[in-house]
Structure formats: C-alpha cells, structure tokens
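These notes are about the structure you will find just below.
2 protein chains.
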Amino acid sequence: MIVSNKKNVSIKDIAQLSGVSVATVSRIMNNSGRYSQKTRDKVLKIIRETGYERNSLATSLRINKSNMIGILVPDIANEFYASVLKKAEQALFKLGYSTIICNTERSVERETAYYRMLIEHRVDGLISVSSASNQMPLSAKYAIPIVFIDRDPHSASEMIVTTDHYAAGRDLTRLLLSQADDLCLVMTKSRPSSTMDRVQAFKDELSDRGISADGSILALNTTSDKFLQRHSDLENFIQIKHQEGRRLGVFAINDNVAYMVLQVAKRFHLSVPEDLIVTGFDGMSIASISQPTITTIVQDSTAIANQASQLLVDAIKKNNDNDVQHGTIHVPYQLAQRKSTLPEAKK
Amino acid sequence: MIVSNKKNVSIKDIAQLSGVSVATVSRIMNNSGRYSQKTRDKVLKIIRETGYERNSLATSLRINKSNMIGILVPDIANEFYASVLKKAEQALFKLGYSTIICNTERSVERETAYYRMLIEHRVDGLISVSSASNQMPLSAKYAIPIVFIDRDPHSASEMIVTTDHYAAGRDLTRLLLSQADDLCLVMTKSRPSSTMDRVQAFKDELSDRGISADGSILALNTTSDKFLQRHSDLENFIQIKHQEGRRLGVFAINDNVAYMVLQVAKRFHLSVPEDLIVTGFDGMSIASISQPTITTIVQDSTAIANQASQLLVDAIKKNNDNDVQHGTIHVPYQLAQRKSTLPEAKK
DNA sequence: TTGAAAGCGCTAACAA
DNA sequence: TTGTTAGCGCTTTCAA
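Chains as they are written, first to last, in full-length UniProt numbering: chain A, 1 to 347; chain B, 1 to 347.
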C-alpha cells in the first residue's frame with residue numbers, strides 16, 4: 001500500500017532520475033513548451049513512478065500567487081451560510097482556486113486573527129460574508145481584492161453582493177399590511193446589516209402609510225437555536241392583540257424566529273393564519289417543513305455565491321484596478337407565499 | 001484607509017529599516033530568544049509601522065510544515081457534517097492549524113482531485129469524513145497522518161473516529177420490536193459505511209429473534225432533499241400493514257427519511273405513534289421540529305470533531321509512528337425517545 | 001530544445 | 001546578542 005514513505009521527492013530528484021535539468025522538468029509540469037516529446041514522455045514516466053507531487057508552497061512563493069481564496073463566514077452551521085459556502089467553494093474550485101474557510105462566529109477578535117492568517121498565507125482574494133467588524137474595513141492594506149456578501153457599503157470602491165433586504169422587507173410588510181390589522185416585527189439581538197435593512201424597510205413602509213412603528217419592534221433575548229424558550233414580551237403582545245379582536249401580522253426577522261412565533265401561537269391555541277399571520281425571511285428549510293409552512297423571502301444562495309466568486313476572480317485577474325467592477329450587486333429574490341399568511345393577498 | 005498598497009514588505013525590508021540582520025528579525029518574530037529587549041522594541045516598531053506580515057508560504061517551505069489541515073467532507077450543507085466541520089475547525093484553530101475544507105459530494109473524482117491539491121499544498125494532516133472511495137485507501141503514500149470519521153476499518157493502522165452505528169442500530173431495532181408488530185427499514189440509495197452498519201444491525205437483531213428481514217428493507221430512489229416525492233413501495237407497505245391491522249415499526253435510515261415517512265403516514269391519515277411508529281438517526285434539528293418529534297440516535301458531533309482533531313494533531317506531532325494511537329474510537333451516542341414512538345418501551 | 005543560475009522569503013546552523 | 005550563509009522547491013530569464 002505504501003508507495004514511498006521516504007522523504008518527499010522534489011523536482012530535483014525528478015531531474016536527476018530522468019537525466020535532464022530542473023528547468024526542463026518545470027516546463028513539462030507547466031506545459032509551457034520548449035521541450036521535445038521524447039523528453040516529455042521520459043520525464044512523465046519518472047514522475048508517475050516516483051509519485052512526485054509538485055510543492056505548491058514553493059511555486060506560490062516563487063510566482064507570488066497562491067491560488068487560494070479565504071472565506072470569512074459567521075457560522076458554517078447556519079443553513080443559509082452553509083449553502084452559500086458550498087456554492088462558492090464549487091465555483092472557485094472550477095475557477096482553479098482552493099478555499100480556506102474561516103468560521104468567525106461574529107467575533108471581531110476571531111475575524112481579525114483569521115484575516116491575519118489569510119494574509120500570511122498570501123491568499124489571492126477574500127470573500128467576507130456578513131462581516132462582524134463594520135468599523136474595521138478589512139482595508140485594502142495588502143491590496144488583495146475582497147468581495148463582501150451582505151454588507152452595507154462603506155466606500156464606493158467596495159464590491160458587495162447581496163439580496164436587496166430592504167426591498168424584500170418592503171414587500172413583506174406590504175403583504176402583512178394587506179392581511180392584518182396591526183403589525184409587529186420580531187428580531188433577535190444580533191444586528192448584521194441584513195437585519196438592519198429589513199427593519200428599516202418595515203419602519204419605512206409603516207411610516208409611508210402614516211402608521212407609527214413605536215412599540216411594535218420586539219428584540220428577543222435569544223439565539224436562533226433556542227426555539228422553545230419563553231419570551232414574555234412576545235407572548236403579551238400576541239395575547240393583547242387577540243383579546244382586542246385584532247388580527248396581528250408578525251414580521252419575523254428570519255425563518256427561525258418565524259418558527260418560534262408559530263410555537264408561541266400554538267401555546268395560546270391561536271391558529272395561523274386565521275388568528276395571526278406570520279412571515280419569515282431567508283427561505284430556509286424550516287420554512288417549508290413547519291406547520292403551517294412559512295411565507296418567506298427565498299434568497300438565491302447559488303446566485304450570490306456565483307456572483308461573488310466570479311467578481312473576486314475577475315478582480316484578481318485584472319491588474320488594473322480601474323477595470324474591476326465596484327459597487328453593490330443585488331441578486332434577485334423570491335417572495336414565497338405559503339400557509340402562514342392568507343391564501344390570496346387582498347389589494 | 002490604504003496603508004501601503006505598494007509591493008509587499010519582506011523580512012529583508014524590516015531588517016534594513018531597523019538596521020539589523022534578517023536572522024535577528026526572524027528570531028524576534030518567532031520569539032526564539034537571542035536578542036536584546038532594545039533591538040526587539042526597535043524591530044517591532046518598524047514591523048508595526050510598515051504593516052509587515054510574515055509570508056507563511058516561505059516559512060512553511062523552509063521548515064517543511066504548513067500548519068494547515070485538509071478536511072474532506074461529502075456535503076458542507078448537510079447539517080450533521082456542517083456541525084462536525086464547525087467543531088473541528090474550532091478545535092484545530094485552537095491547536096494552531098488552519099483548515100482547508102473540501103466538498104467532495106461523494107464523487108471519487110472530486111475526492112481524488114482534492115486529495116492531490118491538499119498534498120500539493122503540503123497540509124500537515126487530513127481528516128476524511130465518510131469517504132466515498134472505499135477502494136482507494138487514501139494511502140500513506142506521502143506519509144501524512146489521516147483521521148477518518150465514519151469509515152469501516154480497512155487496516156489496523158488507520159485512525160477512525162465514529163459513532164457506533166451498529167450498536168445504535170441494535171438499540172433502535174430493539175425499541176421498535178418492543179412496540180410494533182412488524183418492522184421495516186427505509187433507506188436511500190446512498191451507501192456510506194455508516195448506513196451499512198445500521199442496516200446490518202437491523203438485520204442481525206431481527207435474525208437473533210428468528211425474524212426474517214426479507215422484503216422488509218426498502219431502498220428509496222430519492223435524495224434526502226426531496227421529502228415530498230411519492231414512493232409507491234413505501235406507501236404500499238404501509239397501507240398493507242395497516243389493512244392487516246398490524247402496527248408497523250419503521251426504522252428510517254436517518255432523520256430526513258424519518259420525516260418523509262411521517263409525511264407519507266399523514267397522507268394516509270395514519271397517526272404516529274398510534275398506528276405506526278418511526279425512528280430516525282443522527283439527531284438533526286428536523287427530528288425535534290417535526291410533528292410528532294422523532295425518536296432518534298443523537299450523534300455527538302462535538303465529541304467526534306474534538307477526538308478526530310486531537311488524534312490528528314497528536315499523530316502529526318509524534319515523529320515516531322509507533323507512539324500514535326491506531327484503530328477505531330467509538331464516540332458515545334444518545335437514544336432520544338420522542339413522540340414518534342410510544343411513551344414507554346415495554347420490556 | 002536544453003541548462004545554468006538567480007532569487008522568491010524565510011529559518012537555522014555556525015561563527016563571531 | 002548578532003550576523004553570515006546555505007538552502008527549502010520552484011520558475012524564469014538568459015545563454016547555448
């Protein structure tokens with residue numbers, strides 16, 4: 001089974017064994033021409049026999065290019081991020097890059113440490129998903145290209161790929177308004193830019209109709225894992241509205257929170273969508289599994305990942321900074337109407 | 001914002017700017033002593049001013065050690081693997097290693113390509129989760145340590161960390177037998193070793209009691225994503241048993257399949273666990289979200305990841321191959337009894 | 001079509 | 001405590 005557990009064989013060994021110079025071996029490895037078919041065959045044979053594998057550390061050092069991309073992501077175990085990650089890794093692999101994935105857990109310390117590590121490894125570019133450090137620009141200090149996913153623009157030269165959370169939030173709010181007497185928004189304590197955009201959309205839509213959002217935004221003290229905790233604010237809110245005979249429309253900040261709202265409703269024996277309507281956000285599987293299924297915004301993680309990867313690789317390849325595309329790219333989303341809201345939105 | 005978008009500053013630049021030799025700078029960077037406090041301060045100041053970052057490509061090349069670990073995983077977007085991945089990455093980062101994650105999609109081609117890539121990048125070790133290539137031993141060709149997660153042993157010298165799928169499968173089958181008149185096992189076409197162990201346990205437990213497993217193993221033509229497809233085999237089976245007035249116990253190969261079985265039961269207006277009982281496997285969130293909740297084996301992904309990481313790093317650090325631990329490590333699991341089986345198992 | 005040689009950025013003897 | 005130097009494995013002129 002063990003072909004050669006001796007020391008690693010290097011290009012020098014190959015050169016020696018096949019009686020040519022290292023330069024020739026290198027040319028053959030890289031298909032850069034300037035060798036005869038005969039030498040090629042001979043060298044390739046030796047390479048096969050010895051099981052030689054190029055040391056890409058040395059190559060990267062020499063050509064000053066690592067063909068590695070770093071991805072900073074808040075949580076690999078989150079379904080949405082995992083899906084973006086998977087697609088990005090696929091796209092980048094096809095484009096000839098390997099991916100180093102870094103789980104930041106929204107900690108600025110970890111993010112900084114990872115950023116350093118990636119720079120030290122001389123990654124050719126970086127994708128930063130929903131960065132924690134809004135103050136730290138992950139600056140172009142080392143002049144490596146960075147593409148952000150889900151981030152508010154801080155300067156005109158940034159490359160950002162994102163769902164239009166604001167527009168989607170508006171859509172959802174409009175839908176809720178058409179079916180409910182009163183609205184509230186339920187969110188968690190975590191405040192990435194995507195969340196803030198959704199909240200702003202909610203407020204603006206209400207305000208456009210002359211409705212005050214005061215007191216109707218509930219921030220839950222929860223992590224998205226703890227579905228079954230008690231949340232007295234939310235419970236009170238729901239009960240009061242029900243007692244007043246008004247149908248409540250709940251704008252949940254994401255699908256997990258929407259599911260949690262559904263659980264609370266069930267505890268009070270309120271039926272959704274008859275007594276209470278709910279929307280989620282993201283289009284995660286819980287929204288199609290839960291009962292009732294949850295009306296939500298389905299983000300296109302594949303498109304997001306592909307766009308970001310392509311943009312990054314383009315930026316890496318262009319040496320002229322003016323050629324690369326800057327600014328925010330909005331990826332289309334879908335409003336999936338399901339059972340947690342009424343079947344037909346009335347106009 | 002841009003501190004220095006000029007060419008990268010190297011150790012040579014630092015040496016020059018601070019009026020010492022590169023050796024001194026190197027010693028200071030690595031805290032290897034042999035320098036005065038005064039020089040240290042001076043050099044550190046220059047490093048800070050220039051924003052110098054070590055080129056770890058060069059370091060790795062020189063010391064023949066990359067501090068990088070590769071992880072081959074069948075699917076990042078799968079909840080169980082994602083969770084193992086996350087924990088492993090955390091553990092390895094703490095141990096001073098960066099992680100390159102490779103999504104193999106159970107394709108032997110991709111697995112091979114990634115393996116090569118990782119070798120070329122001179123990773124110090126490898127974690128292979130539920131490998132697709134049972135024939136290819138991912139051999140010790142390059143003498144780098146490999147820890148497998150979820151794999152059947154092929155040789156005594158392998159390091160394997162896994163839940164004891166066989167024992168857990170036995171437990172589940174016993175539980176089902178105590179509550180149902182007839183059993184069946186529902187699986188998909190995918191056949192990793194973990195699946196096969198579960199199936200074997202099911203068969204053995206039946207056989208120990210003199211029951212034949214013939215015809216009671218259904219392999220569904222489905223991916224785990226397509227919950228709502230029709231599966232006539234399964235449907236027939238369920239209907240027939242119900243007409244015969246016998247309570248069926250379904251051993252679903254994992255939680256997703258169990259959920260699917262629940263959907264089928266619902267279509268036939270059969271109630272779980274009264275008319276039909278079901279168990280899952282893995283302990284994924286769907287098993288606690290679905291209605292009814294699903295009795296399942298909860299795998300300890302954290303323990304698996306930690307064990308694997310620790311084992312790998314130990315193997316890397318030991319230069320003497322005899323010092324490292326070999327063989328299979330079974331990580332404890334939990335049988336979570338929930339609503340898809342009867343409240344109390346009768347003896 | 002081939003080879004000699006310089007050098008990418010770093011570490012580690014060894015000498016001072 | 002510091003510096004000189006060789007060399008890790010590779011690519012790439014340049015010359016032959």
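Beta carbons: idealized from backbone N, C-alpha and C, even for Gly. No experiment lies behind these values; they were computed from the predicted model shown.
Counting along the chain, the unbroken beta strand (DSSP E) around G125 of chain A starts and ends at 125 to 129. D150 of chain A is not bridged by DSSP to any residue. Among the CB atoms of chain A, one or more fall inside 9 Å of the CB of I289 of chain B. Taking the Cβ atoms as the reference, I253 of chain B lies roughly 25 Å from V147 of chain B, outside the contact range of under 8 Å.
For Y259 of chain B, the nearest CB of chain A lies under 9 Å from its own CB, placing it at the interface with that chain. For L72 of chain B, the enclosing beta strand (DSSP E) covers residues 68 to 73. L57, A58, S60, L61, S66, I76, A77, A82, S83, L85: these are the residues of the stretch 57 to 85 of chain A whose beta carbon lies less than 7 Å from some beta carbon of chain B, given in chain order.
Taking a cut-off of 8 Å for Cβ pairs, the stretch 189 to 209 of chain A and the stretch 147 to 167 of chain A touch, as three or more such pairs fall below it. S98 of chain A is not a Cβ neighbour of Y52 of chain A, given a cutoff of 9 Å. Nearest to T195 of chain B by C-alpha distance, out of B:R209, B:F251, B:L206, is B:F251. Between the C-alpha atoms of A88 of chain B and E79 of chain B there is a straight-line separation of about 14 Å. Counting only Cβ-Cβ distances below 8 Å, Q90 of chain A has contacts in chain B at N103, in chain order.
Sixteen is the threshold: since fewer than 16 other Cβ atoms of the shown chains lie within 10 Å of the Cβ of K189 of chain B, the residue is exposed. Looking at A:G280, A:Q307, A:Y114, the one whose alpha-carbon comes closest to that of V298 of chain A is A:G280. Where N31 of chain B is concerned, there is no enclosing alpha helix (DSSP H), because DSSP gives it neither an H nor an E. Counting the other Cβ atoms within 10 Å of the Cβ of G245 of chain A gives fewer than 16, which makes it exposed. Going by DSSP, D182 of chain B is part of the beta strand (DSSP E) stretching over 182 to 188. Note that the stretch 39 to 49 of chain A touches the stretch 13 to 20 of chain A; at least 3 beta-carbon pairs, one per stretch, sit closer than 8 Å. When DSSP states are grouped into helix, strand and coil, L270 of chain A belongs to the coil group. Among the residues of the stretch 116 to 127 of chain A, those with a Cβ less than 9 Å away from any Cβ of chain B are R116, M117, L118, I119, E120, H121, R122, in the order of the chain. Taking a Cβ-Cβ threshold of 8 Å, the residues of chain B close to E53 of chain A are R116, I119, E120, Y142, in chain order. The beta-carbon of T99 of chain B is placed less than 9 Å from the nearest beta-carbon of chain A. Secondary structure at D323 of chain B: helix, using DSSP grouped into helix, strand and coil. If you draw a 10 Å sphere on the C-beta of Q307 of chain B, you find 16 or more other C-beta atoms in it, and that means buried.
For S285 of chain B, the nearest beta carbon of chain A is closer than 9 Å to its own beta carbon. For V313 of chain B, the enclosing alpha helix (DSSP H) starts and ends at 301 to 317.
Counting C-beta atoms within 10 angstroms of its own C-beta, H269 of chain B has fewer than 16 neighbours from the protein chains shown and is therefore classed as exposed.
A straight-line Cα-Cα distance of about 27 Å links M284 of chain B and S131 of chain A. In the displayed model, N236 of chain A falls within a helix according to three-state DSSP. With fewer than 16 other CB atoms across the displayed protein chains lying within 10 angstroms of its CB, P332 of chain A is exposed.
A straight line joining the alpha-carbon of A113 of chain B with that of G327 of chain A spans about 35 Å.
Nearest in C-alpha terms to K65 of chain B, of all of B:A15, B:L118, B:G33, B:G210, is B:L118. For the pair A303 of chain B and I76 of chain A, the CB atoms are not nearer than the 9 Å cut-off. Apart from the 5 residues on each side of it in sequence, F93 of chain B sits with its Cβ closer than 8 Å to the Cβ of T99 in its chain, given in chain order.
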